[in-house]
Amino acid sequence: MRTDRTFTMLKPDAVEKGHIGAILDKINASGFRIVAMKLTHMTTQDAQAFYAVHSERPFYGELVEYMTRGPIVAAILEKENAVEDFRTLIGATNPADAAEGTIRKLYAASIGENAVHGSDSDENAAIEGAFHFAGREMF
Ligand code: IDP
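Heads up, the sequence shown is in the UniProt record's numbering, so the first residue is 1 and it goes up one at a time.
This is the structure in structure tokens:
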């Protein structure tokens, strides 16, 4: 069996509203193994770099402000077909379009404040995991 990894963040809105436990419970129940995890607070420079791909988009400033306004939970998750299965578990970017039972449908407030991040490719999962964790923090 091939096991893959993805990277996630429980974003500031999810942490502020006390949803860490419920979201981690759903992640565990869906068969993901936590390989690395921490509560951390992104600096403006961190968020600008993490979301550099969106730097020309009109919501970039708002996104950086949101992602730096409080702590996040960063984690690396392992499961067969991790990237795709996790994107399915979190649901569409806009919670209004997210399927019933997905994390964003349950816990996200808007397209901007959408509770959780999930990598969109194996390559980005590796880059994003390495952005937040040193090798010795991955188990
Ligand atoms: P994804 O997180 O579902 O992969 P992306 O298009 O990569 O979605 O966007 C990254 C993040 O930027 C989203 O999760 C959301 O927080 C924010 N975002 C995306 N589109 C909008 C928008 O139209 N307005 C405000 N924020 C947005």
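Idealized CB from N, CA, C, for every residue including glycine. Values in this document were obtained by computation on a predicted structure and should not be read as measured data.
For Glu-84, the CB stays at least 7 Å from every heavy atom of the ligand IDP. Between the beta-carbon of Ile-76 and that of Arg-5 there is about 6 Å, and that keeps the pair under the 8 Å contact cut. If you ignore the 5 residues before and after Arg-69, its C-beta comes within less than 8 Å of the C-beta of Pro-12, all in its own chain and listed in chain order. Separation of Ala-130 and Phe-32 (C-alpha to C-alpha, rounded to the nearest whole angstrom) is 19 Å. Taking the Cβ of Glu-62 as the reference point, at least one heavy atom of the ligand IDP falls within a distance shorter than 7 Å. When DSSP states are grouped into helix, strand and coil, His-41 belongs to the coil group. Distance from Tyr-51 to Glu-113 at the Cβ level is roughly 14 Å; contact not present, criterion being Cβ atoms closer than 8 Å.
Fully contained in the UniProt domain "Nucleoside diphosphate kinase-like" (3–137) are the following beta strand (DSSP E) runs of length 3 or more, in chain order: 4–10, 33–40, 72–79, 116–118.
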